[in-house]
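Those protein sequence lines, which keep their order, are chains A, B and C. The first sequence lines up with residues 1 to 335 when you count with the UniProt record's numbering. The second sequence lines up with residues 1 to 258 when you count with the UniProt record's numbering. The third sequence lines up with residues 1 to 354 when you count with the UniProt record's numbering. Here is the structure we will look at, set down as structure tokens.
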Amino acid sequence: MDISTYTTDAPPPTPRPTETERKRAARGATRPGDRIFLGLSRGSGILLLVIMAAIAVFLSYRASLAIGKDHGNFLTTFEWNTGLQPPVFGIAILAFGTIVSSIIAMALAVPVAVAIALFITHYAPRRMAGPVAYVIDLLAAVPSIVYGLWGALVLVPHMNGLFGWLNDYLGWTGIFSWDEGAPRSMLTVGILLAIMILPIITNVSREVFRQVPQMHEEAALALGATRWEVIRMAVIPFGRSGVISASMLGLGRALGETIAVATVLSPAFDIQASLLNPGGGTFAQNIASKFSEATPFGRDALIASGLVLFVITLLVNGAARVIIARRAEYSGANA
Amino acid sequence: MAKRIDVSGLTAYYGSHKAIEDISMTVEPRSVTAFIGPSGCGKSTFLRTLNRMHEVTPGGRVEGKVLLDDEDLYGAGIDPVSVRREVGMVFQRPNPFPTMSIFDNVAAGLRLNGNYKKSELSDVVEKSLKGANLWNEVKDRLNKPGSGLSGGQQQRLCIARAIAVEPKVLLMDEPCSALDPISTLAIEDLIGELKERFTIVIVTHNMQQAARVSDRTAFFNLAAVGQPGRLIEIDDTERIFSNPSVQATEDYISGRFG
Amino acid sequence: MSHAATIHDKRPSTLRGASLPKWSPWAIAVGSIVVGIGISLAAGLDSKIQWGLIAAILFVLGTYGIAARVEGRRQAKDRVATSFVWVAFVIAVVPLVSLIWTTIARGVKVLDVYFLTHSMGVVADTEPGGGIYHAIIGSLEQVGLATLIGAPIGVMTAIYLVEYGRGRLAKAVTFFVDVMTGIPSIVAGLFILSLMLMFEMQPFGFAGSLALAILMMPVVVRSTEEMLKLVPNELREASLALGVPKWRTILKVVLPTSIGGITTGIMLSVARIAGETAPVLLLVFGNPFINSNPFEGAQASLPLYIYQQFSNSAGSGAAYDRAWAASLTLIAFVMILNLVARGIARWKAPKTGR
């Protein structure tokens, strides 16, 4: 049944088909029940598209109201003063902070998540693997506000020691120098984000590794490969695109994480070379922190920064899709 | 370089289930030995005990001795990884690494051990592909993925991959069961050539195939479903197919059961 | 056979590699922990995190050094990979266990019936007392309404994609469902906010529900799609061949077969949106009093309550205790949803199809 030709000229589906529609319907669904049902289900799909379009349109509209009155450069200004006359605000700091914290989170979380996924599928004793997988599954469901609360009240105090240590041994690099302020900096945010996205990356990678056909692993074993060599030859190449998409999923979460960052970070509108001193902010955190005191104009400015975040997450998603599509020819499907 | 295999009193388990019981036999070097028998008689399990692949299966466990020349594969201090270098294996379904090119597939085993120069690798890859009668078909597309080949070509690629590391013994687990008759014939011819250099053990469901390719044939059977498989007899192929000493073998070969 | 000779030079001539005894990983682990503690004490480090990191690094390096000397490089690499995987597992487990443990240990302090049945209406954020009744009401209403909107749309969209969808519209929907999965929750909140600014509306519960519904839809579509694809085509064809119309086939055959999995997916997505703070912060605003009307006036919700107890209370211990207790309540709610959902999935798993 070819629906697509029917789709293009159909009006938005009405819940009750009239007599006149019968002719047109003759090619697709003929019974009233069928027509209603098809209309409802297709209508839901269309509604989803409408919502996506509306998000882009409304955010852009409100953003344009704010950006038009911005006396700084929206992309490069280091300030966020929407209350000034005239207002001056820009996203440079937010973009910097969002990207830096997400990079730290990915650098920490992806290797560990892949290792845990391998632990569950290839290393753990069988009686241990099941419960571990189950617990990590559940941890993926812990709300981010709880991570935020834990991060602020438990993780941050523990960071003092680590920061002092990094400052002592790696302070000369500049990246790890520390002025002994409260350790509520980009590095802390990155570590907390890493902990938060660990379960989701682990779960998806684990599923991918589990699907590696037994026969590929046996082929490697029969050549005299050690367990690690089996993983290198058969498991990781097969799972690579899956791990990439899992990481992108995690990256999406890290980029958009709001509340956990807002509870942990001391934002400062200033770029610091050091990851240990308070500096920077993230898009989402800035929106949450500034929102309650914002004027109506300030809200539009925040919406403008949200639009940038929206676009970034779209790009990340798109990139992930391209990478996966390019890898598809090597997937197990044509093995 | 081919080696003799001496199996004595070998029993293998899956968890608490005994899959094969008390098997003893000798496999001569530079010969083809075929394992035949009804489904579930444990011939594949037995084959996998010969390069310690059985213990890879969860719950897999082995008792008894397998001597490769004079060394017990299950002796203390034996590294199963080294065992598998010496005893190569070809599987039922062709399983080239899907992410690797044809060249890399053949070179995969070599790359595990030691650093080879590009030219050394090319030599070995060419020699192995020639040895597997595949060179002429793939020499122009060595850098294409191995999964793009036909089933029969993939299986010969897997054979090339296995012989590239110069094992002493080559185990084949129903290597033709997923292939069409022409590819099957190509592999059978290849087996005839390979036995000049390797000790070959082949599991097959196809009795004509066993008769065509093997020098000696072992017949496995099980008393009933759920009972462990046993070796009924092993003898020269000609004798097994003309005048076996056990009635059950004759019944199986003449198609009276199984 | 000249090549064969070159090969043989480079491989071990025997099956018998020198190998470390079975207990060696444990011995190396114990050794590195002891040395790690020794170094830490000597250097006067006070953070246990550093102690653990030093021990972990010693463990990986020690494994490599010892194995490389005794067993050779390949085995050493294999052992390092093994030890790295174990270390990664332990490192990851520590914060996650700490999170659960802290939430439980600190949450039970004030969590009692009084806490669950009273609001913050007459209690200042810095004082002890009060509870989360208003937040529970708010959460249940907002999440309930979001589910009423999001779940049917999500399920119907999945039905469209699996049962009808071909052609460009279906492709577009599939693509944008993927994109939608990646929308940060704050962006969904900003979208509804921009609508509210347009109509000059004040915060109210249902606005939060709309944003949560947007977050819920793609998750429901994905999981429902997976479940519908598991229903074997033979079942559909058998029904259609009996002359049953397609829509009745879907309602009476396809959906009942996959209802367990669909329910699981919906419950998991409910658990996810129940913990969302950002959109609620923008759209519902928070309210210390009980407001059971989601269509008018600011409301509270559990995640928002936690955030506000944490950030508006100037470090008051009583507020932190309430935040932990509310966290425990929220986690318990989410976990119970998860466990029940998984239970349903196991119990109702389609017996056919695989």
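Cβ atoms here follow ideal geometry from the backbone N, Cα and C, with glycine treated the same way.
Q. Is A/G224 close to chain B, meaning its C-beta is less than 9 Å from at least one C-beta of that chain?
A. yes
Q: Less than 8 Å between the CB atoms is what I'm expecting for C/G138 and C/T117, so what's the real figure, rounded?
A: Contact doesn't hold; Cβ gap of about 15 Å is too wide.
Q.
I want to see whether chain A comes within less than 9 Å of C/G275, judged by CB atoms only; does it?
A. yes
**Q.** Residue-chain proximity (C/L339, chain B), Cβ-Cβ < 9 Å
**A.** no
Q) On the three-state DSSP scale, how would you describe A/M186? A) Shown here, A/M186 sits in a helix according to DSSP, grouped into three states.
Q: Can you have a look at residue 395 of chain C and say buried or exposed, based on whether 16 or more other CB atoms are within 10 angstroms of its CB?
A: Residue 395 of chain C is absent from the model: chain C starts at 1 and stops at 354.
**Q.** Counted within 10 angstroms of its Cβ, other Cβ atoms place B/M100 as buried (16 or more) or exposed
**A.** B/M100 is buried by the Cβ-count criterion.
Q.
Measuring straight from C-alpha to C-alpha, what distance separates C/W101 and C/N287?
A. 29 Å
Q) Is DSSP giving A/L315 helix, strand or coil here? A) helix
Q) How big is the Cα-Cα spacing for A/L162 and A/P278? A) 15 Å
Q.
Tell me the rounded alpha-carbon separation between A/I136 and A/R206.
A. 11 Å
**Q.** Contact under 9 Å by Cβ, B/I187 with B/P175
**A.** yes
(Q) Let me check one thing: in DSSP terms, what residues is B/I202 bridge-paired to? (A) B/I202 pairs with B/A34 and B/M172.
Q: Could you give the DSSP three-state label for B/D236: helix, strand or coil?
A: strand
(Q) Classify C/T63: buried if its beta carbon has 16 or more other beta carbons within 10 angstroms, exposed otherwise. (A) With 16 or more Cβ atoms within 10 Å of its Cβ, C/T63 is classed as buried.
Q. Under a CB-based cut-off of 9 Å, is C/M216 close to chain A?
A. no
**Q.** Residue-level contact to chain C via CB, A/P278, 9 Å cutoff
**A.** no
Q. Beta-carbon separation of B/V231 and B/A223 under 9 Å?
A. It should be noted that the sequence gives Leu, not Val, for residue 231 of chain B. No, they are not a contact pair.
Q | Contiguous alpha helix (DSSP H) assignments of at least 4 residues, all confined to the segment 85-159 of chain A | A | 92-118, 126-139 and 144-150
Q: Just the C-alpha distance for C/V334 and C/L268, rounded to the nearest angstrom, thanks.
A: 8 Å
Q) Between the Cα of B/V66 and the Cα atoms of B/S177, B/I182 and B/R4, which residue gives the shortest distance? A) B/R4
Q.
Could you pull the DSSP bridge partners for B/V139 from this structure?
A. As written in the sequence, residue 139 of chain B is Lys, which differs from the Val given in the question. DSSP, once it has assigned bridges, lists no residue as partnering B/K139.
Q. Mind checking whether C/M120 and A/I51 have CB atoms under 9 Å apart?
A. no
Q) Taking Cβ-Cβ distances shorter than 7 Å, what residues in chain C pair up with A/D34? A) P245, K246 and W247
Q: Taking all protein chains shown into account, decide if C/T103 is buried (16 or more other Cβ within 10 angstroms of its Cβ) or exposed.
A: So C/T103 ends up on the buried side.
Q: Work out the CA separation of B/M172 and B/T45 for me, nearest whole Å.
A: 12 Å
Q. Would B/E28 count as contacting chain A if we go by Cβ distances under 9 Å?
A. Judged by the 9 Å Cβ criterion, B/E28 is not in contact with chain A.
Q | Chain-ordered residues of the segment 120-138 of chain A with a beta carbon less than 7 Å from chain C | A | Within the segment 120-138 of chain A, the residues whose Cβ lies closer than 7 Å to some Cβ of chain C are Y123 and L138, listed in chain order.
Q. When the Cβ atoms of the segment 98-115 of chain A are set against those of the segment 249-259 of chain A, are three or more pairs found closer than 8 Å?
A. yes
**Q.** Contacts that A/P143 makes with chain B (C-beta to C-beta distance below 9 Å)
**A.** Within chain B, no residue comes near A/P143; the closest Cβ sits about 37 Å away, beyond 9 Å.
Q. Under a CB-based cut-off of 9 Å, is B/G109 close to chain A?
A. At a cut-off of 9 Å, the C-beta of B/G109 has a neighbouring C-beta in chain A.
Q.
So, at 8 Å on beta carbons, what are the nonlocal neighbours of B/L10 in its own chain, with the 5 sequence-adjacent residues on each side left out?
A. I20, D22, I23, S24, F46, T49, V62, E63, G64, K65 and V66
Q: Enumerate in chain order the residues of its own chain whose CB-to-CB distance from B/Y13 is below 6 Å, with the five nearest sequence positions on each side excluded.
A: Excluding sequence positions up to five before and after B/Y13, its CB lies within less than 6 Å of the CB of R61, all in the same chain and listed in chain order.
Q) Looking at C-alpha atoms only, which residue of C/Y320, C/A341 and C/Y307 is the closest neighbour of A/S144? A) C/Y307
Q) Is there a Cβ from chain A that is less than 9 Å from the Cβ of B/M100? A) yes
Q: Closer than 7 Å by beta-carbon distance: list the chain C residues that pair up with A/G252, in chain order.
A: Those within 7 Å of A/G252 in chain C are G182.
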